[in-house]
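Trainee: Quick one: the structure is below, questions incoming.
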Amino acid sequence: MARGVLADKRAVVRWFDFPDNQRGAGFEIRHLARIDNPGDYLQVFQYLLCFCLVHPPGPEYAEVVRRPAAGEIMNRCKVRPILHSTFSNCKAKRELPADGHTRPACAPARGWIFWNRRIEPEITFDAGNRTGMKAAQTTAALKIEYREVADPSPGPGQVLIAPAYVGICGSDIHAYRGEFEGRVTFPRTQGHEFAGRVAKIGPDVESLAVGDRVCIDPIISCHNCPACHKGQYNACRSLRLRGIDLDGGLAGLAVADEGQCFRLPDEINYCDGALVELYSIGMHSTTVSAVEPGDRVVVIGAGRAGLAVLQNILLTAADKVCVIDLSGYKLDLADKVGADLTINSVKEDAVEAVREWTGGDGADLVIEAVGEAELEVVGGKAPVAQAVEMIRNGGRITLLGQGPHSYGAHWKTLVWKEAVIRTSRVSKGEFPRVIAAMAAGRYDTGAMLSAEYELADTAEAFELVNTEPPDVLKVMVRVQEREGDPSDLHF
């Protein structure tokens, strides 16, 4: 028998005394009245959330306990992993209803969005008699050409991926503008957020086979610097990204290291699989922030990163979540996803609104997720300076946004509040947990998607994102000619 505590933003759900085979086994939970390190609770929560929801027990094994008052000390728990590999290899085996909708046993009633199950095209690949492939290459700043290039070859420990979908993000636009001088050389096949099938395996590849459905973690670390030796490979001093420093997924075939590939269960389609990297960034910032039960959290920025952060915060025991932006469209999406409060900083003073929302105390945690295009997101002041004013005494700030603006923070106020500032860079080992949560339907991926283009129209897709319209979030590039076509790659 196993015992654990699981929480969402609406209520505390206690999982108790159900057979291990109902949950998939893997963890032994010991209850403690209190622990000093909130990160221990967060780690327990994330593993229980993802693991239990991929193999959800029936409702007879759960009871809903009253929602705790803000600031109340809750029972917490520590975890001792027993079969850790079981989690990393788990796959959901649940059948979807005929209408394509499903819902885990403990999904919150409000803010739950059923995902749409796409009809997946069948990706085929013939290794024989090939002379080249089609690719969308950035050949100069602000110039993308759709042309034929030579097939890449996988080296030892590498595989060839036939990409199905590629997402465009802010880093892609910086490279497209020519702002990564010294990192991006032209021509470059961009696209670091992608998913597809394994088309060919190179020497010494043991864990993958041709036909595997995978998404790609684009991070390439040196494994030889002090940060890598400490396990902080996302802070590697010579970190590279596939699709930025090396060719990526905007082509018929792409090379990836074996360790960069993560299998996708059947519940995740290719389009959503290409979003795993974005959600892993949101989960990493949540992990770094060490969200505690009862926290009142503010997310500054409701763009792609901000919504990914919001949806991961909603998987924690945070009491309330507020989102600030200047776009009514994006705030409507945040409200749809499940934010408790949205603040339009054009129409009201964000700091005063947060203080009123928290009864004058200030937020426990503020996550700054503002990109370069959204510098005025909190009423004309630097977001970090506003975050310092928004947090309570002893509060925390996590910096995720990477705009080149001046922080303008009042450091004396920060010291007087004895506040903590943390930073979050890309992701670090969150892919398996994001995949498990996505397979269980815990993310509203549809809220992210704004437009879809074919590979031949990649230049148009990039220019759309480059113009930064307020009603556009995630733009996807479909590498297949058309859905359902058995020869759906641009060969």
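Heads up: take any position in the sequence shown, counting from 1, add 8, and you land on our numbering. Backbone N, C-alpha and C fix where the C-beta goes; we use that ideal spot for every residue, glycine too.
If you run the structure through DSSP and keep just helix, strand and coil, what is Glu356?
Mentor: For the purposes of this step, residue 356 is taken as residue 348 along the sequence shown, with counting starting at 1. Coil at Glu356, not helix or strand.
Trainee: Is Ala448 buried or exposed, if buried means 16 or more other CB atoms sit within 10 Å of its CB?
Mentor: To locate residue 448, count along the sequence shown from 1; it is residue 440. Buried, by the Cβ-count rule.
Trainee: Quick check on Asn232: buried or exposed, where buried means 16 or more other Cβ atoms within 10 Å of its Cβ?
Mentor: Translated into the one-based positions of the sequence shown, residue 232 becomes position 224. So Asn232 counts as exposed.
Trainee: Could you check if Phe202 is buried or exposed, using at least 16 other CB atoms within 10 Å of its CB as the buried criterion?
Mentor: Taking the sequence shown and counting its residues from 1, the one referred to as residue 202 is at position 194. By the 10 Å Cβ count, Phe202 comes out buried.
Trainee: With respect to the alpha helix (DSSP H) encompassing Cys177, which residues constitute its N-terminal and C-terminal limits?
Mentor: In the sequence shown, residue 177 corresponds to position 169, counting from 1. Neither: Cys177 is in no alpha helix (DSSP H) and is coded neither H nor E.
Trainee: Taking the Cβ atom as the reference point for each residue, do Gly257 and Val192 lie within a distance shorter than 8 Å?
Mentor: Looking up residue 257 in the sequence shown gives position 249. Looking up residue 192 in the sequence shown gives position 184. No, the pair does not count as a contact, with Cβ atoms beyond the cut-off.
Trainee: Which ranges would you report for the beta strand (DSSP E) in the segment 311–354 if only whole runs of at least 3 residues count?
Mentor: Here the runs fully enclosed are 328–333 and 349–352.
Trainee: From the DSSP secondary-structure annotation, give me the bridge partner or partners of Asp265.
Mentor: Counted from its first residue, the sequence shown places residue 265 at position 257. Answer is Gln166, bridged to Asp265.
Trainee: The beta strand (DSSP E) with Glu153 in it runs from where to where?
Mentor: Counting from one through the sequence shown, the residue named residue 153 turns up at place 145. Element bounds for Glu153: Lys151 to Val157.
Trainee: Provide the residue span of the beta strand (DSSP E) that contains Tyr6, from first to last.
Mentor: The structure shown does not extend to residue 6, since the chain is modelled only from 9 through 499, so no value can be given for it.
Trainee: Nearest CA to the CA of Ala172: which residue from Gly219, Glu156, Gly346 and Trp419?
Mentor: On the sequence shown, position 164 is the one that residue 172 refers to. Of Gly219, Glu156, Gly346 and Trp419, the residue nearest in Cα terms is Gly219.
Trainee: Could you tell me which of Gly367, Gln410 and Arg363 sits nearest to Gln8, measuring between CA atoms?
Mentor: Summary: the structure shown does not reach residue 8, with the chain confined to residues 9 through 499, and so no result is reported for it.
Trainee: If we count the other Cβ atoms within 10 Å of its Cβ and call it buried at 16 or more, is Glu376 buried or exposed?
Mentor: One-based indexing of the sequence shown puts residue 376 at position 368. Label assigned to Glu376: buried.
Trainee: Spell out the partners DSSP gives Gly204 in its beta bridges.
Mentor: One-based indexing of the sequence shown puts residue 204 at position 196. Answer is Pro171 and Val222.
Trainee: So, are the CB atoms of Lys151 and His292 less than 8 Å apart?
Mentor: By 1-based counting over the sequence shown, the position of residue 151 is 143. By 1-based counting over the sequence shown, the position of residue 292 is 284. No. Outside cutoff.
Trainee: Beta-carbon within less than 8 Å of Cys236's beta-carbon, same chain only, minus the 5 sequence neighbours each way: which residues are those?
Mentor: Position 228 of the sequence shown, counted from the start, is the residue given in the question as residue 236. Excluding residues within five positions, the ones whose Cβ falls inside 8 Å are Ser229, Cys230 and Cys244.
Trainee: Under 8 Å by Cβ, that's how I've got Val396 and Ala427 pegged, so tell me the actual separation to the nearest angstrom.
Mentor: Locating residue 396 in the sequence shown gives position 388, where the first residue counts as 1. Locating residue 427 in the sequence shown gives position 419, where the first residue counts as 1. Between Ala427 and Val396 the Cβ distance is about 7 Å, and since that is below 8 Å, they are a contact.
Trainee: State the CB to CB distance for the pair Ala264 and Ile224, rounded to an integer number of angstroms; the pair is presumed to be in contact (CB under 8 Å).
Mentor: Position 256 of the sequence shown, counted from the first residue, corresponds to residue 264. Position 216 of the sequence shown, counted from the first residue, corresponds to residue 224. Indeed, because the Cβ distance is near 5 Å, the residues count as touching under 8 Å.
Trainee: List the DSSP bridge partners of Val480.
Mentor: Start at 1 with the first residue of the sequence shown, and residue 480 comes out as number 472. Answer is none; Val480 lacks a bridge partner.
Trainee: At what residues does the beta strand (DSSP E) containing Leu216 begin and finish?
Mentor: Numbered from 1 along the sequence shown, position 208 holds the residue referred to as residue 216. That residue, Leu216, is in no beta strand (DSSP E); it is neither H nor E in DSSP.
Trainee: How about Ala183 and Thr147: do their beta carbons lie closer than 8 Å?
Mentor: Counted from its first residue, the sequence shown places residue 183 at position 175. Counted from its first residue, the sequence shown places residue 147 at position 139. The answer is no: Cβ separation not under 8 Å.
Trainee: I'd like to know if the segment 445–465 and the segment 295–308 are in contact, where contact means that at least 3 CB-CB pairs between them fall below 8 Å.
Mentor: No, the segment 445–465 is not in contact with the segment 295–308.
Trainee: According to the Cβ coordinates, are Asp212 and Gly165 closer than 8 Å?
Mentor: In the sequence shown, the residue the question calls residue 212 occupies position 204. In the sequence shown, the residue the question calls residue 165 occupies position 157. It is a contact, given that the beta carbons lie within the stated cut-off.
Trainee: Rounded to whole angstroms, what's the CA-CA distance from Val483 to Ala459? Just pull it up for me.
Mentor: For the purposes of this step, residue 483 is taken as residue 475 along the sequence shown, with counting starting at 1. For the purposes of this step, residue 459 is taken as residue 451 along the sequence shown, with counting starting at 1. Val483 and Ala459: Cα-Cα distance of roughly 5 Å.
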